[in-house]
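Read in order, the letters of the sequence shown are residues 679 to 808 in the working numbering. Cβ atoms here follow ideal geometry from the backbone N, Cα and C, with glycine treated the same way.
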Amino acid sequence: DATVGDVRKVKAERGFSGIPITESGKIGSKLLGMVCTRDFDFAGDDQLSVTDVMTRDLVVAKEGCTLAQANDLMKSSKKGKLPIVNEQGDLVALISRTDLLKNRDFPNCSIDKTSKQLLCGAAVGTRDTD
Numbered sequence: 679d680a681t682v683g684d685v686r687k688v689k690a691e692r693g694f695s696g697i698p699i700t701e702s703g704k705i706g707s708k709l710l711g712m713v714c715t716r717d718f719d720f721a722g723d724d725q726l727s728v729t730d731v732m733t734r735d736l737v738v739a740k741e742g743c744t745l746a747q748a749n750d751l752m753k754s755s756k757k758g759k760l761p762i763v764n765e766q767g768d769l770v771a772l773i774s775r776t777d778l779l780k781n782r783d784f785p786n787c788s789i790d791k792t793s794k795q796l797l798c799g800a801a802v803g804t805r806d807t808d
């Protein structure tokens, strides 16, 4: 039931340029397609359903693929986003080109193993000489 206007709003608020569309609107349900900027740039009506403008013919990777496999698949398909699906076709993750580039450019960064977010550390001295 999402509209082109909803996608424009998400893009403006969060900066996402590619949004996976699932049956329930959440991760863990059947992947129906992707909506990228080029899909709705020329859609004049913000009330159009995303299902009318989304890309349905997707390149996807299966759950359990390695980063190297995902990178190879993205390179060969020339796609910026790679949905990861399980055997039932449910969306379990989304890898973006920028994720892979950051991993390549900053291989020694400290990342939380669960959330994949960058870790930050700081030190505060307790004495004036610190």
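Between the alpha carbons of S788 and G799 lies a distance of about 10 Å. CA-to-CA, the gap between S707 and D768 works out to about 5 Å. Going by beta carbons, V738 and D717 fall outside the 8 Å limit.
With a cut-off of 8 Å on Cβ pairs, the region 746-764 is not in contact with the region 720-734, counting fewer than three such pairs.
Pairing L751 with S774, the inter-Cα distance amounts to about 12 Å. According to the DSSP secondary-structure assignment, T681 is paired through a beta bridge with S727.
A residue is called buried when at least 16 other Cβ atoms come within 10 angstroms of its Cβ; N786 does not meet this threshold and is exposed.
A Cβ-Cβ separation of about 5 Å places D724 in contact with V682 under the 8 Å criterion. Distances from the alpha-carbon of G722 to those of E691, R686, K740, I697 put R686 closest.
DSSP places K740 in the strand class (E or B) of the three-state scheme. Counting only residues of its own chain and dropping the five nearest sequence neighbours on each side, K740 has a CB closer than 8 Å to the CB of I762, V763, N764, E765.
The three-state secondary structure of V688, taken from DSSP, is helix. Secondary structure at A748: helix, using DSSP grouped into helix, strand and coil.
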